[in-house]
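Working notes, structure below.
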């Protein structure tokens, strides 16, 4: 198993491994057990418990110490983000990694502001998860790969004037085609039907085009594209 | 114009005058001979039958040779007045008789004197007193004042009459002066009536009469001073003046009578003339007629003077009382009375003749019997009135009076009784055996009510009903039913749509109804019928109103129920969505996520030189799963956005706006006032607000064509206000109500109901081609 993370790993000949104790808080049994199963493969991590809801989580926290908490945002009796404060009250040193199966937009800011140390999408690979646990245990922050783009995209405003020539070069031919259809006012579904591709693909492309044009709004993209088009013509 | 003292002084003067002159005449007899000088011989031209001269046997045509043993021509009063008053002895000679008769004027006993002159004095006093009372009662009325002075003067003249006929103490002069002043005051009195004031003839007449008065005054004064001796002229002048005055007054009265009926003066004038006629009639009959027809009256006519008192009494009555009885009616009854009197007197005089009580059938006899009869009749009438009043007082028998009074009393009560049954009872209290009333309205509504003996006699009721139905009601007269009918009177009555028939039963006393009782009965019955009809109509109206009220409350309940249903629908729909979202999230989505994870693991942990195809397949599967998860998430988000549940309204709205701006060509600006991102509200409120904004955005996207949208969320003390505004096409607001009926734009209409169910309001304003604004206000605790 040659993985990148081995570089980080300081091999220790001592028999005693410092195992990071992880508490999994998630009400979806299947997923939680799957997570445990996957994490068990990693020797540096020890899952010390599974909590199904906020109350169980707090009970566990009060009784047993742990290093990292994998906290699902959607719990039956409370929102995960609200739990952060409570956990930190009991174990101020513990590191919290948020999990979500939903679109994390909106949750990320809230969690970070509450004091979470990282954010993971539930469908991230185990590798990512382990990486995340190790990183936050060490004191850093970890965000799922997909989240990066989101985080940076929201910061994207129209400050930087975009060079039309550069823009044109940046866009792939597919993207150019899609952009032209967008400028005509077509909705994603219609674009998908026209180009005979999946709606999701269109959305994916659009979400790539927008930052390239230096905007985060569709209308602004159209306006930018109009400039680009004029410039070119 | 005169002050009160003047009046009192005048009264005092009158009393003094009359007393003085009355005392004066007691000791002097009335001779009653008028003499005229013809060829040196003093011939008697008039011999008053009341006078002592007549009693002594002196007649017209006799010549008087000596008075008081002096030559006739020397006698003082002969010189002055041509009358032999104050004489104690008279020597007379009848024509054709050679002997001279010497007669001594006998002195009548004082009592006799007093009694015989009493009527005149009484008359004078009556005049004066009536004038005084009139003025006293109405001191400010011009007519009352005029009447006082007129009466005073007349009274004075009358009181002076005995003395003047005895030529005592300037009585005659005074009398003449007084009498000539009378016309002035008479005209004054009559012209005081408002119409007459400006009359030219009156003024002219007044001038003439005043002129004559002045002449007579001067003449009389001169005569009294023995300066001139023109008694004839004086007498004639006085007579003339009086005639002028009387004529003018009469003419005025006649003019008043000719006025249209609505002037009060007409009635007053008629009554006054009437009084005058009554007053003068006895005198005319008993004194003037014999003189005219040249025979000596049988009856002592002094008493007839008293009848003149009717004149001042009438005048007083007319002046003092504002509202007078109808003079025409008075005239009618009196004329009938008189005619009856005249005819009966004829019979009486004939009977007297037959019975040989009177020797001849002459006018004198007739007049005598006339006066007798009339006085008897008057007394009879008077006594009858008194007695019937007394009898009524002690309620001896039930005349028409009683019935009328009962009905009148009933009339007072009817206005205050409203209950129909009580009305009925009162009608029956008129001692009727029973009453039965049938009311029918144009729509066929029918009402029957029976009271008294008809109550438990359905057969009689049926008979009466048949009569009612059969009656064509061509004329609405009251009908007296035939004797074999159980009821006696039938009164039809119509009012608006209703026709009624009222049947009144017989009286207990078995006395039939008289025709003149019917008007009163009809009146009461029609009132009764009106009440019944009103009660009927009210009853019907109240049933209708109750009905309407019931239906209204039912439909209100239904609409309330409907409202409840819509609320429940909304709630249950949202709940369902929430549940499904949760289920998808907890079920398929989790599976998908787990699947994705394991696939990734497979890819990562697989052998490096693994089959390209396998890796491709797995990668493809991974993409599929990613798509699956994505779509599942989308569905969950549409059903119930998790950001709303977990993060709150503001964050959810922010996310909504971002997503919308990726998908639509729209710029949304979101503004919050007074709310922090963490602020949470009740689930229902957050949900409603979110859906509202969602609806607003989707409306703008679909209909307005606007490229800009403003969302403004503000929190107030107890409410949250959300405004969604665009600058697009706008729409016609008045069409909103039509939408709700055709369910074309259910979104907004549904939104309205939803917000209202939470106690909020939805405001929509829109201007064509300017934009639309949706405003929602929701209460929060």
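Residue numbers (the working numbering), protein chains in the order written: chain A, 17 to 249; chain B, 768 to 1548. Beta carbons are placed, not taken as given, at the ideal position from N, Cα and C, and that holds for glycine. Being a predicted model, the structure only gives us computed values, none of them experimental.
- By DSSP's assignment, residue 134/A forms a beta bridge with 113/A and 158/A.
- Apart from sequence neighbours up to five positions away, the residues of its chain that approach residue 1085/B with a beta-carbon distance below 6 Å are 1035, 1038 and 1039, ordered along the chain.
- When 7 Å is used as the limit between beta carbons, residue 204/A is near these residues of chain B: 1430, in chain order.
- Among the bridge pairs identified by DSSP, residue 811/B is matched with 802/B.
- Scanning its chain for C-beta atoms nearer than 8 Å, with the 5 sequence neighbours on each side dropped, one finds around residue 132/A the residues 87, 97, 100, 112, 113 and 114, in chain order.
- Closer than 8 Å to the CB of residue 1492/B there is not a single CB belonging to chain A.
- Only exposed fits residue 967/B, as fewer than 16 other CB atoms lie within 10 angstroms of its CB.
- The residue among 785/B, 857/B and 1406/B with its C-alpha nearest the C-alpha of residue 800/B is 857/B.
- Beta-bridge analysis with DSSP links residue 1208/B to 1265/B.
- The distance from the Cβ of residue 954/B to that of residue 1016/B is about 6 Å, consistent with a contact at the 8 Å cut-off.
- For residue 1364/B, the enclosing alpha helix (DSSP H) begins and ends at 1357-1372.
- Relative to the Cα of residue 920/B, the nearest Cα in the group 1113/B, 1440/B and 892/B belongs to 892/B.
- Here residue 907/B is exposed. Its C-beta has fewer than 16 other C-beta atoms within 10 Å.
- As far as DSSP is concerned, residue 44/A takes part in no beta bridge.
- When only Cα atoms are considered, residue 1533/B and residue 158/A end up about 50 Å apart.
- In this structure, DSSP gives residue 227/A a helical state, which the three-state scheme calls helix.
- With contacts defined by Cβ atoms closer than 8 Å, residue 1047/B and residue 888/B do not form a contacting pair.
- The segment 1377-1388 of chain B makes no contact with the segment 1312-1319 of chain B: fewer than 3 CB pairs, one atom from each, lie closer than 8 Å.
- Less than 8 Å separates the beta-carbon of residue 1272/B from that of residue 1200/B.
- Per DSSP, the continuous alpha helix (DSSP H) segment holding residue 1096/B begins and ends at 1094-1121.
- If you draw a straight line from the Cα of residue 65/A to the Cα of residue 36/A, it comes to about 12 Å.
- Here the segment 1415-1433 of chain B does not lie against the segment 1387-1394 of chain B, with fewer than 3 beta-carbon pairs under 8 Å apart.
- Residue range 938-957 is occupied by the alpha helix (DSSP H) that includes residue 952/B.
- The shortest CA-to-CA distance from residue 868/B to any of 826/B, 844/B, 878/B and 1151/B is the one to 826/B.
- Residue 856/B: member of the beta strand (DSSP E) spanning 856-860, first to last residue.
- Contact between the segment 1224-1241 of chain B and the segment 1288-1301 of chain B is absent, with fewer than three C-beta pairs closer than 8 Å.
- Classified as exposed, residue 1146/B has fewer than 16 neighbouring CB atoms from the shown chains inside 10 Å of its CB.
- Chain B places a beta carbon closer than 8 Å to that of residue 123/A, counting this residue as a contact.
- Between residue 793/B and residue 879/B, the CB-CB gap reaches or exceeds 8 Å.
- Apart from sequence neighbours up to five positions away, the residues of its chain that approach residue 976/B with a beta-carbon distance below 7 Å are 950, 951, 954, 1008, 1011 and 1012, ordered along the chain.
- Following the DSSP letters along the chain, one finds residue 1492/B inside the beta strand (DSSP E) bounded by residues 1486-1493.
- The segment 1534-1541 of chain B and the segment 1441-1455 of chain B do not touch, with fewer than 3 CB-CB distances between them shorter than 8 Å.
- Between the alpha carbons of residue 147/A and residue 1434/B lies a gap of roughly 40 Å.
- Contacts with chain A (Cβ-Cβ distance below 8 Å) from the segment 1335-1361 of chain B involve 1352, 1353, 1356, 1357, 1358, 1359, 1360 and 1361, listed in chain order.
- Apart from sequence neighbours up to five positions away, the residues of its chain that approach residue 1519/B with a beta-carbon distance below 7 Å are 1529, ordered along the chain.
- The three-state reading of DSSP puts residue 188/A in coil, since its state is none of H, G, I, E or B.
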